[in-house]
Amino acid sequence: MSENTTGATEGRVLPVTDLSLVVLVGASGSGKSTFARRHFKPTEVISSDFCRGLVCDDENDQSATRDAFDVLHYIAGKRLAAGRRTVVDATNVQQDARKQLIQLAKQYDVLPIAIVLDVPEQVCAERNAGRSDRADMPRRVIQRHTRELRRSLRHLEREGFRKVHVLRGVEDVENATVVTEKRFNDLTHLTGPFDIVGDIHGCALELESLLGKLGYVDGVHPDGRTAVFVGDLVDRGPNSPGVLRRVMSMVKSGNALCVPGNHENKYGRYLKGRGVQHTHGLAETIEQMEGESEEFLTEVRQFIDGLVSHYVLDGGRLVVCHAGLPEKYHGRTSGRVRSHALYGDTTGETDEFGLPVRYPWAEDYRGRAAVVYGHTPVPEATWLNNTICLDTGAVFGGKLTALRWPERELVDVPAEQVWYEPARPLRTEAPGGHDGRPLDLGDVQGRRVVETRHSGRVSVREENAAAALEVMSRFAVDPRLLPYLPPTMAPTATSHIEGYLEHPAEAFAQYAADGVERVVCEEKHMGSRAVALVCRDADVARKRFGVDGPTGSLYTRTGRPFFDDESVTEAILDRVRAAVTEAGLWEDLETDWLLLDAELMPWSLKAQGLLRSQYAAVGAASGAVFPGALAALEGAAARGVDVSDLLSRQRERAADAASFTEAYRRYCWTTDGLDGVRLAPFQVLAVQGRSLAALPHDEQLALLDRLVEHDGTGLLQTTRRLYVDTGDPESVRAGVDWWLEMTGRGGEGMVVKPLGAVVRSGEGRLVQPGIKCRGREYLRIIYGPEYTRPDNLARLRQRFLNHKRSLAIREYALGLEALDRLAEGEPLWRVHEAVFGVLALESEPVDPRL
Amino acid sequence: MFLTITTTGTPERPATDLGFLLHKHPEKSQAFSTSYGKAHVLYPEADAERCTAALLLEVDAVALVRRGKGKGRGGAPDAALAQYVNDRPYAASSLLAVALSSVFSSAMRGVCNARPERAAEPLPLRVEVPALPARGGPELVRRLFEPLGWAVTVEPVPLDVAFPEWGDSRYVRLVLESESRTLAEALRHLYVLLPVLDDAKHYWVAPDEVDKLLRAGEGWLPGHPEQKVITSRYLSRRWSLTRQAMERLELVRLAEADDSEVEDIDNAVEAEGETEEKPTPLAVQRRDTIIAALKASGAARVLDLGCGQGQLVQALLKDPAFTEIVGVDVSMRALTIAGRRLKLDRMGERQASRVKLFQSSLAYTDKRLAGYDAAVLSEVIEHLDLPRLPALEYAVFGSARPRTVLVTTPNVEYNVRWESLPAGHVRHGDHRFEWTREEFRAWARAVAERHGYDVEFVPVGLDDPEVGPPTQMAVFEMGRTENVKEAKAA
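Protein sequences, first through last, are from chains G and F.
Taken in order, the first sequence gives residues 1 to 850; the numbers are from the numbering used here.
Taken in order, the second sequence gives residues 851 to 1340; the numbers are from the numbering used here.
Okay, here's the thing in structure tokens:
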């Protein structure tokens, strides 16, 4: 210890890192609590006395000490895990007590800092005497504290404290000030823009051409961009000194940042004279540096010495380090963090080339910050769970790659030649790979809250997630091909017009009330909801969605494939693809895949089982029973028995049953292969890089009309529509008439949507994206053959729509979120989280007839 | 909801006596309230030679669904199952049986003060039920009624004449004729056998259901060759009550959202009651083989991935060598049944600490599954669509990485030896594929290669020289020795 005892007037300045575990050390009565109160936020400080009180109602009951410290460590642990500085107010004069706290700091990868209050024993005793609760504390206790404190002073740094401040005497304590220091790795205030450069390994030529391509002129970017090097500047390649010279000068002039790679780290140890093996390309560096000046070598040594394991940049949105870093280590400071940043994690196994098997940490990564790293050579830099490895093996004859941030654009230059033979072939795939790009149960299971851009937090209950997990695991298509599930849709408010349960007048009125002036009425197709993901070819499906073989998917509203036979799906996708190509939509939409919301017909194609077991069965039973029953009633009537009411009622019921049979038959036709199958797309949900959910419906339909026009196979079917001004009675009447005409011919009804697609009400809430208005005959299939009888209608009008409406909005928000995440190229688990949420919400209790 | 009972007579014994026997006047149309709607009795014909009584039940389908509903949330538990589109208003279901017993209760007991002698004697009877739901088809209808002295005419009703390819419905038109039965007997036969034939989805609470069956079955049920079927089906409605409690309403809703039925998706395990303790010899052999392989591997902490009803977990618990046994399944129903089978809530603390059951899915990685000695996938992979198999492979061999993995799956080549299995059929409705020995081995070897395991194959059951064993098992062992060697060399 070499602290100067400074004058009373000046006062000591104590730097304390913003995220650290501050351990106050001092005898009872030395003024720790007062010091803590003065220099730290009340919530930052945990005192052992307080914890003693918590567990036994008496702050001075020494028998509760063990439990009290358990509580203290627990609270401190929670704070540190959350990244909050924590001050421990306890005597901490015993080495054992401090050891536990250092352990705790290590566990949460924060700096342990000691502040010692070395106050004369006499002062402590006097202060204690002045406190009623401590007045009877024996003098020998304070003596012991002081003795132990003195004994500890010399060892504190060796014990593991990274900063030790000793305040000697009352005045020193009184006059000290605490200043908060940022961690070295915290560069969140720098917003770039950045150009992050992968592993260089002495490839000076490639570095110069890459910097040139990025727009740097002699290490300076005219637009003020900052280069960030992910480390491994040296070894293996032809010109490590050249690379060092360039990078060091850029760092020195403030045009670049650099984090250390394991190769610099080893070379740095060599420079300090430590014994290291000259393997893995170090020999080349040593040899190349032989001609360099002593001065340069010293500069290199200092440069390497000063490198910080990783940087958190751009408001916390970007983390750069050499070998990748799990979220819990971001911005942390410990040997473990440094080692992980330098070497990554390994499984403990070795592969067939004798090299350690790297733990695929990126597969588990769920953080919001993008992690950009290198270290593991891969042929292509690809995003995985918001992480990207930029080591594209320049030294092995691959290329040198940079990432433009925040543009997320990759820029690379090919290697001039193979400079070094790799010990093992470059991995054919990025870590995680295609098949092995797994979703984790932790992303979907249990009670969850999904953050959505359009409607805030949407929560999913545990039992609903459990049900969704069953269906998703056992029946759904591959999650990579399931980027969206359609939301449920609320029906129109219940109509009170005689004979009707639903009527479009209500839908128009509802939108008018929501301030939506222009709506589109779209014919409701008589089929099953279908979502189609159509890729331009199998290669696109492989590159964009990571699947080998299929060129897309065609699935139901719960994510099940429509056809067990993949070749049927492919045949349909083929036809859609041909139409997209013919219509020139790939070019116009600048995409090589499309996600379509559609209706697949006939309904009997999918709902065959339900149709037969429920609908046709009811038809069959009613058809079998009424002739006999009516004949019996007619016989009785003929004999003069008064059954007229009963007879006329049964005749009506027989007619209702016949209407019901007619109604469901419209949904059935026989198909043979693809003959008779029709697909009516009504929305392009997303294309490469863009969600089209907010594209106005008239533009949507214009796109889809082109698609249908260019289909030569008869598969695609257009969606008939009518535009209505909700404030114009004439227009509303035309809308009602249109619906009456359509449903009068047996049509299913229509969906009314705001023309502007994603629309908010005056209060800023999302309005219903669509309201369905089902035909009078169609509703027999929902509410039973006899629902139109006046007494039945009267009862059925008692229906409650609020829950259904709220569900529709929540699912809609999740659906939009899935599309946005998909469009922005977010990791699969983020898209899946929202999609899974829709499925889970579908299992919420709601009247299934709505 | 409709049936007729006809008798014929002579001037001395007029057919219209039927009115006395039924306690319902032939010249009137009478209505009775029952819990599910209005029952009407009327006579389309009534003279000395021939008299027909008709029972017509007007079921209120709307009321049936709306019982005890919650506001807009699908209401009480059975409301989600109830449908406005329901055959109850048309078919001669259990509801009709209830109406029969309440409208003709005296007749059913054979009480007739006006014509006591006629009530006790057989009479020519013709019963016609135009729409009878008959689970088991015409064949079962005959087996139920013929032993009781009825001449049976049974005609299937087509599902929809517009779609002849759909075939017959589950309804039949039934005509029973006999001269040897009393009216009371006829009514009691109908009262019991209509619900037995009905594929009842309608349950009602009746703690005295057994007594009712015994009373109505007096004199004919004990000697009936199909007594077992009749009893179990009749009382199955009581089981349904317990089953209902197990229905996963969330799954019911997901099925509904997709226009399918809950049975199509909540099918991971058979419903309770239908799988009594009758393990097939093959299942026992499979379990024994698995346990032997686990013992040989020295595993103490074992995962049963896809534990189903927990039979293997139960067997493993009996051996103290297994210190921790974890059963996981994606089906909550399976886990509920397994928990019940193991009596987890009543198990002693020490035993209970050895076993855990929880929901997981092999389509996802699950950190809770890492670090075990062994994992068993018994008859699991064939329940996955082939394109999803790589996800399972990664979850088990890439992520959980137990030292030993046992995988069993049917050997499709052996299917020709199953007498009951129609050619070309898989053994279970939910099997997405069944593999030959060659296919299974190719997959297993590739998995082992990709993830650093060694694999060997063990037959389960009789190893047929031509088609192999009924079940095939792969034993994967993590290739430790190789890694150690490599590590040293490096």
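Cβ coordinates follow ideal geometry from the N, Cα and C atoms, glycine included.
Predicted model only: the values in this text are computed from it and were never measured.
Contact between G11/G and T177/G holds, with the beta-carbon distance rounding to 6 Å and staying under 8 Å. Counting only runs that start and end inside the region 699 to 770 of chain G, the alpha helix (DSSP H) elements of at least 4 residues fall at 729 to 744.
Fully contained in the region 69 to 136 of chain G are the following alpha helix (DSSP H) runs of length 4 or more, in chain order: 95 to 107, 121 to 129. Annotation for H310/G: the continuous beta strand (DSSP E) segment containing it runs 310 to 313.
Counting along the chain, Q1209/F sits inside the beta strand (DSSP E) bounded by residues 1205 to 1209. Within the same chain, and ignoring the five residues on either side of A889/F in sequence, the residues whose Cβ sits closer than 6 Å to its Cβ are F882, L907, A949, V953.
Sequence-ordered contacts of the region 604 to 623 of chain G with chain F read K606, A607, G609, L610, R612, S613, Q614, Y615, A616, A617, V618, G619, A620, A621, S622, G623 [C-beta pairs closer than 8 Å].
Burial state of S249/G is exposed, judged by a 10 Å Cβ sphere holding fewer than 16 other Cβ atoms. Secondary structure of K1193/F (DSSP, three-state): coil. Look at R795/G: its C-beta is under 8 Å from a C-beta on chain F. Segment contact: the region 133 to 140 of chain G against the region 39 to 48 of chain G, fewer than three CB-CB distances shorter than 8 Å; contact not assigned. In chain order, Y934 make up the part of chain F whose C-beta sits under 7 Å from the C-beta of Y787/G. When the five nearest sequence neighbours on each side are left out, the beta carbons in the same chain lying within less than 8 Å of the beta carbon of S28/G are those of T91, C124, N128, R134, M137, V141, I142, H145, in order along the chain. With a threshold of 8 Å between beta carbons, S885/F makes no contact with chain G. A1241/F belongs to the set of residues whose beta carbon lies under 8 Å from a beta carbon in chain G.
Taking 8 Å as the threshold, the shortest C-beta distance from A466/G to chain F falls below it.
DSSP places M958/F in the uninterrupted alpha helix (DSSP H) bounded by 955 to 959. Per the DSSP secondary-structure output, T1215/F pairs in a beta bridge with D440/G. Contacts with chain F (Cβ-Cβ distance below 7 Å) from the region 526 to 558 of chain G involve S528, T556, R557, T558, listed in chain order. What F396/G touches in chain F, judged by beta-carbon distance under 8 Å, is nothing: the nearest beta carbon there is about 19 Å away. Interface residue (Cβ-Cβ distance to chain G less than 8 Å): F852/F is classified as such. Distance from the CA of Y1214/F to the CA of G775/G, rounded to the nearest whole angstrom, comes to 43 Å. Around the beta carbon of R1136/F, 16 or more other beta carbons lie within 10 angstroms, which makes this residue buried. Using a Cβ-Cβ cut-off of 8 Å, I1115/F counts as an interface residue toward chain G, since at least one Cβ of chain G sits closer than that to its own.
When only Cα atoms are considered, R338/G and D232/G end up about 15 Å apart. The residues M851, V909, A911, in chain order, have a CB closer than 7 Å to that of P939/F in the same chain once the five nearest residues on each side in sequence are set aside. When the Cα atoms are used, D698/G and T551/G turn out to be separated by approximately 29 Å.
For C668/G, the chain F residues whose C-beta falls within less than 7 Å of its own C-beta are F1013, listed in chain order. By DSSP's assignment, S1228/F forms a beta bridge with T1258/F. About 17 Å separates the beta carbon of L390/G from that of P827/G, a gap too long to meet the 8 Å contact definition. Chain order gives the chain F residues near D642/G as K878, S879, where near means a beta carbon separation below 9 Å.
Not flagged as an interface residue toward chain G: T860/F, since no C-beta distance is shorter than 8 Å. With fewer than 16 other Cβ atoms inside 10 Å of its own Cβ, I497/G counts as exposed. For K1206/F, no CB of chain G lies under 8 Å from its own CB, so it is not counted at the interface with that chain. With respect to T492/G, A507/G sits close: the two C-beta atoms are nearer than 8 Å. Under the Cβ criterion (8 Å, minimum of three pairs), the region 564 to 577 of chain G does not count as touching the region 640 to 652 of chain G.
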